[in-house]
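Q: Listed in order, the protein sequences are those of chains E and V.
Counting in the numbering used here, the first sequence runs from 1 upward without gaps.
Counting in the numbering used here, the second sequence runs from 339 upward without gaps.
Here a beta-carbon is modelled for each residue, glycine too, at the ideal position from N, C-alpha and C.
Right, I'll just put the structure down here and ask away after.
2 protein chains.
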Amino acid sequence: MIKLAIDIMGGDFAPLAIIEGVKLALRRYEDLEVVLYGDEEIIKQHLQPSPRITIENAPGKIDMGEKDPIGEIRRNRNTSLVRAFQAVKERKVDGAVTAGPTQGTIAAAHLIIRRIPGMKRVALCPILPNLGGKNRLLLDVGANLELRPEHLLQLAQYASVFAREVWGIQKPGVGLMNIGTEPGKGRELEKEAYELLSHDPNITFLGNIESKELFSTPCDILVTDGFTGNMIMKSSEGVAKAVGVFFKQEIKSHLCNKIGYLFMKKTFRRFKKKLSPDEVGGANLFGVDGVVVKAHGSSDAYTFSNAINQARMIVSGNVVEKMKAIIGEAAKEEGTVE
Amino acid sequence: MIKLAIDIMGGDFAPLAIIEGVKLALRRYEDLEVVLYGDEEIIKQHLQPSPRITIENAPGKIDMGEKDPIGEIRRNRNTSLVRAFQAVKERKVDGAVTAGPTQGTIAAAHLIIRRIPGMKRVALCPILPNLGGKNRLLLDVGANLELRPEHLLQLAQYASVFAREVWGIQKPGVGLMNIGTEPGKGRELEKEAYELLSHDPNITFLGNIESKELFSTPCDILVTDGFTGNMIMKSSEGVAKAVGVFFKQEIKSHLCNKIGYLFMKKTFRRFKKKLSPDEVGGANLFGVDGVVVKAHGSSDAYTFSNAINQARMIVSGNVVEKMKAIIGEAAKEEGTVE
């Protein structure tokens, strides 16, 4: 059985959407057990008791608008998020899933679960919409504003373990986001990272990737610093949103389009679904010493159940331990253990 | 009359598409005169003589794949691009338009036309597709990999002059691309640039803009460093391309969609046109001491005529001289003239 801690109070539609998501996940995945952190009374009202469900009363939550998440986490150890992460730290569960605020989640994971020894940075790693018929990881998208070449290498190694163990891709391709495809392009960061990535035996490096290839590159993994990654990810969101608005207006304004839409309804729905972050579950938090999946703040039950499944797959792929082995090898080679 | 130097040899479909673009522009804009730099024989074969056309024989061109554009420019002063820019430098024309390679164009503009005295950096500034019903400038998208806060300020000033004089927007809104909207977000670059932009009397600063707002922000101008700008712009291209591929495949594969497409054909065409870079003409090269518009490499006649019009509007708006006045004022205040 795989046992996951669930933050019931995080997310725009928490706690109800999260509780429904848990129910759905329990139906979908028979090997799943959950420990729910949140307002016990509310949870009990909406959930039948089951040997696969444990409830821990932790009604507090970290606000989205919280300006000082670190202080908030330190002051209030009884929030649902903090309690869920403590369970990960104490190995009472195999991993945790939350739809709480991104920066709060990253800060709490750092403070409570802590980084894997030897792992230099933590990264937020969403799965890109598979518009081109293929899933891709993009990292970092905002856990760090700036990264050094050796950080990008470690993140590429981590993401490669994920793609291998969770997606079953034997040799996942790694691309370095850059302003041109030729070697030697980019800032010092990209030039040095290119060298490191080229010579690492743990990854399959496919070179520099321009962001116009985001949905057509053969790469499974795209690495960049957190500022750039955030810009790339949100630009894609922006265009997708604008495309949606355009078609909506057009369909409303002409009879011909209304008729056409009736014929193409399924395609438009598929399009919306493909671009929706709901399908992929959530963003991975790579680098902390445990499995953490950050579901979208706007998660509904279906989305949240996908995020739960993502955590479940990472646990069953033993991703964290396999990354630890790579870090251990690297430390041995360098003759140092950080 | 407005007199523009045209690089006939630059561009994927040069020289013929460029010559046709010139013809179209001459028909559309009666105040336009052109000096054409390129292979005289070919030009004469395809163009009727006219008092509004001067031909200067300069058959050489800078290759797209040229690895050392600076060396190439220095070695071969008779390329069409170099000759066109020399005409700008010598004030024989009011500006220049080329569809040649981007880095070659930037290098040649630097070397031959040179920066406006006191202008610290040159920037490449495309006009974003007006998917949201509004034109917006994004800069820098690749003339510089890294920029300092004071560079972003100057670029915001320059773009504001453009938006005022060319688009007639009295108080163009300036946004700073960032990973969050609150002040204090971002790297040191963004934090310091936020301060500078907030207090400058020459611009209307609207704060930090996330890239998901690219096509919905009220801003007319979006500033960022060249690496980030390049990533943002090309991500948008990537999504737009992927959306196009998706619908194309869908329409092919189901009869229902084929019928729907027939009803929505005009809308799909409008969509394609809206996302096409052809409509906006080209990217501005801000900061050199003259008007330079870089048309897309894949320009056809229509696109190129739009790029010519863009240069024409910048000339008639007297943008370069107005920016010089702002730089002069700033230098006086600082008590220095760079």
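Which of helix, strand or coil does DSSP assign to Lys529 of chain V?
A: Note: Lys529 of chain V maps to helix in three-state DSSP.
Q: State buried or exposed for Gly229 of chain E, treating a residue as buried only when at least 16 other CB atoms are found within 10 Å of its CB.
A: The residue is buried, with at least 16 neighbouring Cβ atoms inside 10 Å.
Q: Would you say Glu676 of chain V reaches chain E, if we count a Cβ-Cβ gap shorter than 9 Å as a contact?
A: Unreliable placement is indicated for Glu676 of chain V, whose pLDDT of 46 sits below 50; the coordinate value is still reported in the next sentence. So, not an interface residue.
Q: Which residues in chain E sit within 9 Å of Ser554 of chain V, going by Cβ to Cβ distance?
A: Correct list: Gly238, Lys241, Ala242, Val245.
Q: Pro26 of chain E lies in the beta strand (DSSP E); which residues open and close that run?
A: It is worth fixing the name first, because residue 26 of chain E is Leu in this sequence and not Pro. That residue, Leu26 of chain E, is in no beta strand (DSSP E); its alpha helix (DSSP H) goes 16-28.
Q: So which residues on chain E does Arg525 of chain V lean against when the C-beta distance must stay under 7 Å?
A: Under the 7 Å cutoff, chain E gives Leu145, Glu146, Phe227.
Q: So that I know if they touch, is there some Cβ in chain E lying closer than 9 Å to that of Leu514 of chain V?
A: Cβ-Cβ to chain E under 9 Å: no for Leu514 of chain V.
Q: For a cutoff of 9 Å on Cβ pairs, would you count Glu410 of chain V as touching chain E?
A: Answer no: the Cβ-Cβ gap between Glu410 of chain V and chain E never drops below 9 Å.
Q: Touching or not, the segment 397-416 of chain V and the segment 440-455 of chain V, by the rule of three or more beta carbon pairs under 8 Å?
A: Touching, yes.
Q: Are Leu138 of chain E and Leu222 of chain E closer than 9 Å when you measure CB to CB?
A: Taking 9 Å as the Cβ cut-off, Leu138 of chain E and Leu222 of chain E qualify as a contacting pair.
Q: Spell out whether any CB of chain V is found under 9 Å from the CB atom of His110 of chain E.
A: Not closer than 9 Å to any Cβ of chain V, the Cβ of His110 of chain E fails to qualify, so no.
Q: Any C-beta of chain E sitting closer than 9 Å to the C-beta of Tyr532 of chain V?
A: For Tyr532 of chain V, the answer is no, since every Cβ of chain E falls outside 9 Å of its Cβ.
Q: Could you round the C-beta distance between Leu196 of chain E and Glu150 of chain E to whole angstroms and report it? I think they count as a contact, below 8 Å.
A: At roughly 7 Å, the Cβ-Cβ gap stays under 8 Å, so Leu196 of chain E and Glu150 of chain E are in contact.
Q: Should Leu81 of chain E and Thr102 of chain E be called a contact, given that it needs their Cβ atoms to be closer than 9 Å?
A: No, Cβ-Cβ distance for Leu81 of chain E and Thr102 of chain E is not below 9 Å.
Q: Using beta-carbon positions only, say whether Ala663 of chain V and Ala645 of chain V come within less than 9 Å of one another.
A: Not a contact, by the Cβ cut-off of 9 Å.
Q: I want to see whether chain E comes within less than 9 Å of Cys557 of chain V, judged by CB atoms only; does it?
A: Not one chain E Cβ lies under 9 Å of Cys557 of chain V.
Q: Bridge partners of Arg474 of chain V, per DSSP?
A: According to DSSP, Arg474 of chain V bridges with V:Leu466.
Q: From the DSSP output, read off the bridge partner residues of Tyr375 of chain V.
A: Tyr375 of chain V pairs with V:Asp345, V:Glu394.
Q: Compute the distance between the beta-carbons of Val373 of chain V and Ala363 of chain V, then report whether it is under 9 Å.
A: No, the pair does not count as a contact, with Cβ atoms beyond the cut-off.
Q: For Met651 of chain V versus Tyr496 of chain V, is the C-beta distance shorter than 9 Å?
A: Going by C-beta atoms, Met651 of chain V is not nearer than 9 Å to Tyr496 of chain V.
Q: I want to know whether the segment 244-261 of chain E touches the segment 206-221 of chain E - three or more CB-CB distances under 8 Å.
A: With the cut-off at 8 Å, the segment 244-261 of chain E and the segment 206-221 of chain E do not touch.
Q: For Gln310 of chain E, does the count of other Cβ atoms within 10 angstroms reach 16, so buried, or fall short, so exposed?
A: Buried.
Q: Spell out a yes or no on whether the segment 510-519 of chain V and the segment 597-610 of chain V are touching, meaning 3 or more CB-CB pairs, one atom from each, closer than 8 Å.
A: Too few Cβ pairs lie closer than 8 Å, so no.
Q: Which partner residues does Thr204 of chain E have in the DSSP bridge list?
A: Answer is E:Gly173.
Q: If you draw a straight line from the alpha carbon of Glu368 of chain V to that of Cys594 of chain V, how long is it in whole angstroms?
A: Taking the straight line from one Cα to the other gives about 48 Å.
Q: Which chain V residues are close to Leu131 of chain E, counting only those with a beta carbon under 9 Å from its beta carbon?
A: Going along chain V in sequence order, the residues near Leu131 of chain E (Cβ under 9 Å) are Val577, Ala580, Val581, Val583, Phe584.
Q: Can you find the residues in the same chain that come closer than 7 Å, C-beta to C-beta, to Thr555 of chain V, ignoring five residues on each side of it along the sequence?
A: These residues qualify, in order along the chain: Gly513, Ile547.
Q: Please list, in chain order, the chain E residues whose beta carbon lies closer than 8 Å to that of Thr443 of chain V.
A: Result: empty, since nearest Cβ-Cβ is about 15 Å, beyond 8 Å.
Q: For a contact meaning CB atoms closer than 9 Å, what does Glu90 of chain E contact in chain B?
A: Going by chain labels, chain B is absent from the structure shown, which instead holds the protein chains E and V.
Q: What does the Cβ neighbour count give for Gly522 of chain V, buried or exposed, with the cut at 16 atoms within 10 Å?
A: So Gly522 of chain V ends up on the exposed side.
Q: At a CB distance below 8 Å, what residues from the segment 155-185 of chain E approach chain V? Give them in sequence order.
A: Flagged, chain order: Met177, Ile179.
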